[in-house]
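Residue numbers (this note's numbering), protein chains in the order written: chain Y, 1 to 257; chain L, 258 to 353.
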Amino acid sequence: MSMTGENLQRETDAVTTLLLSMGDDEFVTGHRMSYWVSRGPSIEEDNAVSSIVQDELGHARLWFEVLTERADVSLVELAVERPAERRRNTVLAEPAYAGFGDLVVRNFLYDEAERLLVEAVHGGDDDVLADRAGVVLNEEPYHREHAALWLDRLTASDEGVSRLTRAFDTNVPHATDYFAFEESVASTLESEGVVDRAFDDLQQEWADRVVERVRTLGLELERSPRELVAAAPTTNGRLGEHTDELTAMTRQNLTVY
Amino acid sequence: MTDGDETYEEPFEVFVQWQRGKPHEYAETVNATDREMALVLAKRNVDVRAEPISIWVAPRSAFAATTPEDTTLAPSTDREYRNVAYYAMAAKEETE
Chain Y
1 MSMTGENLQR ETDAVTTLLL SMGDDEFVTG HRMSYWVSRG PSIEEDNAVS
51 SIVQDELGHA RLWFEVLTER ADVSLVELAV ERPAERRRNT VLAEPAYAGF
101 GDLVVRNFLY DEAERLLVEA VHGGDDDVLA DRAGVVLNEE PYHREHAALW
151 LDRLTASDEG VSRLTRAFDT NVPHATDYFA FEESVASTLE SEGVVDRAFD
201 DLQQEWADRV VERVRTLGLE LERSPRELVA AAPTTNGRLG EHTDELTAMT
251 RQNLTVY
Chain L
258 MTDGDETYEE PFEVFVQWQR GKPHEYAETV NATDREMALV LAKRNVDVRA
308 EPISIWVAPR SAFAATTPED TTLAPSTDRE YRNVAYYAMA AKEETE
């Protein structure tokens with residue numbers, strides 16, 4: 001096994017950081033979500049979730065492939081062999097699921113954030129990234145639709161409301177690292193036009209959407225939603241900070257491929 | 258999805274149009290809580306790689322259907338003479 005990722009100028013190159021972030025988001029999300037294949041509330045739902053899983057893993061490949069074209073590194077090194085401390089995914093993707101409501105809320109938080117970032121890349125000046133962003137955006141509406149319908153339906157019972165409430169309480173704080181890229185990385189991506197909107201602006205729009213959704217669902221969270229979305233991340237995956245659950249996952253992957 | 262004995266879902270019949278201009282064909286059944294959810298599930302429970310043009314869903318309860326014993330479906334007398342093929346067959350028999 002080679003020294004995975006050694007050939008990437010990972011701390012200095014803003015585009016590399018962005019690609020690792022988007023690729024790791026999709027890879028870890030897809031990998032985690034595969035847990036639900038055979039465990040969904042119905043076999044129809046298993047099929048729907050496994051289709052989303054395939055989309056996410058395919059998107060991880062789209063982003064990682066760009067890195068293999070720009071540096072001497074392979075897909076396997078990037079996706080499977082790279083240890084947790086070199087990952088850049090949001091910590092939202094890391095924990096095991098607490099239940100189906102947890103999956104739905106995490107997908108909602110993630111899909112809304114991802115849409116904003118990928119649209120900004122789609123509108124950006126790096127043609128290779130912009131093209132691939134277009135492919136990703138094509139498949140994302142189904143993911144949002146799926147999460148949106150389940151959110152509405154899970155509020156139909158008290159049990160559902162309490163599960164959704166708990167899921168927002170625990171997951172929103174994990175999602176606040178999504179746009180919290182290192183200052184130098186964010187400013188380079190903005191000034192070089194790789195993204196066509198400022199990260200602060202994207203974060204603000206995501207926060208507004210989450211607050212609005214919690215309001216329309218009629219959920220009463222432990223803290224005010226506005227406070228939750230605005231809090232600084234305690235563990236920031238964009239800086240390479242991760243939970244033990246990601247370490248366990250990447251180690252396990254090394255034993256089974 | 259069940260909560261004790263309570264079932265929230267019902268079967269929905271799924272019809273897919275595979276080619277433009279062709280009819281929607283019955284494809285499968287999905288269980289869902291309502292029409293919108295049935296459509297979302299149907300979208301990933303039919304073969305999307307075959308690029309369907311359009312999908313319809315309807316609750317099974319919305320259909321009126323015949324039973325296998327329904328006698329009104331079968332003609333009671335021989336009406337084969339109403340088909341053109343019958344005369345071709347008869348003419349052939351005559352020449353033999």
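We treat Cβ as the ideally placed atom computed from N, Cα and C, and that holds for glycine. Only a predicted model underlies this, so the values are computations on that prediction, with no experimental measurement involved.
Nearest residue (CA-CA) to E282/L, options L296/L, S311/L and E350/L: S311/L
Nearest candidate by alpha-carbon position, reference R215/Y, set V15/Y, E119/Y, V161/Y and Q54/Y: V161/Y
Chain Y contact for T264/L (CB, 8 Å cutoff): no
E145/Y at chain L interface by Cβ criterion, 8 Å: yes
Cβ distance (whole Å) where R301/L is taken to contact N47/Y below 8 Å: 5 Å
Per-residue contacts from N288/L into chain Y (C-beta, under 9 Å): S42, I43 and E44
Cutoff 8 Å: R301/L Cβ touching any chain Y Cβ: yes
T250/Y to A322/L span [Cα, whole Å]: 54 Å
Three-way DSSP call (helix, strand, coil) for I52/Y in this model: helix
CB contact check: M258/L to chain Y, cutoff 8 Å: Its pLDDT being 47, under 50, M258/L is placed unreliably in this model, and the value from its coordinates should be taken loosely. Yes, its Cβ sits closer than 8 Å to a Cβ of chain Y.
Partners in chain A for S51/Y, counting only beta-carbon separations shorter than 8 Å: Included in the structure are the protein chains Y and L, with no chain A among them.
Beta-carbon contacts of M1/Y that lie in its chain and below 7 Å, excluding the five residues immediately before and after: Confidence is the limiting factor: at M1/Y the pLDDT is only 37, short of 50, which leaves the residue's position unreliable and the question unanswerable from this model.
Own chain, CB closer than 6 Å to A198/Y, minus 5 neighbours either side, in chain order: E190
Chain Y contact residues for M294/L, given Cβ-Cβ distances below 7 Å: L149 and R153
DSSP three-state assignment for T188/Y, whether helix, strand or coil: helix
Beta carbon proximity, V314/L to chain Y, threshold 8 Å: no
For E112/Y and N288/L, the rounded distance between their alpha carbons: 28 Å
Residue-level contact to chain Y via CB, V271/L, 8 Å cutoff: no
Listed by chain order, chain Y residues near L330/L by CB distance under 9 Å: The contacting residues do not exist; L330/L stays about 32 Å from chain Y at best.
Cβ separation of G218/Y and R88/Y, assumed to be a contact under 8 Å, to the nearest whole Å: Contact doesn't hold; Cβ gap of about 35 Å is too wide.
Of the listed residues R209/Y, F108/Y, V172/Y and A207/Y, nearest to T235/Y (C-alpha basis): V172/Y
Residues that N288/L bridges to, as DSSP identifies them: P268/L
Proximal residues of chain L, C-beta to C-beta of N47/Y below 7 Å: R301 and N302
Own chain partners of E119/Y with C-beta closer than 7 Å, once the 5 adjacent residues on each side are dropped: L137
P173/Y: first and last residue of the uninterrupted alpha helix (DSSP H) it sits in: D158 to A175
Spatial neighbours of M22/Y in its chain, beta-carbon cut-off 6 Å, leaving aside the 5 residues before and after: W63
Whole-angstrom distance between A319/L and H258/Y, CA atom to CA atom: The requested residue 258/Y does not occur in the structure, where chain Y is confined to residues 1 to 257.
Closer than 7 Å at the beta carbon, the chain L residues around Y35/Y: What Y35/Y touches in chain L: nothing, since even the nearest Cβ is about 17 Å away.
Counted within 10 angstroms of its Cβ, other Cβ atoms place G102/Y as buried (16 or more) or exposed: Reading off the sequence, residue 102/Y comes out as Asp, not Gly. The residue in question, D102/Y, is buried, as its Cβ has 16 or more Cβ neighbours within 10 Å.
Cβ of Y142/Y within 8 Å of any chain L Cβ: yes
Among L154/Y, R106/Y, F181/Y and T188/Y, nearest to T170/Y - alpha-carbon criterion: R106/Y
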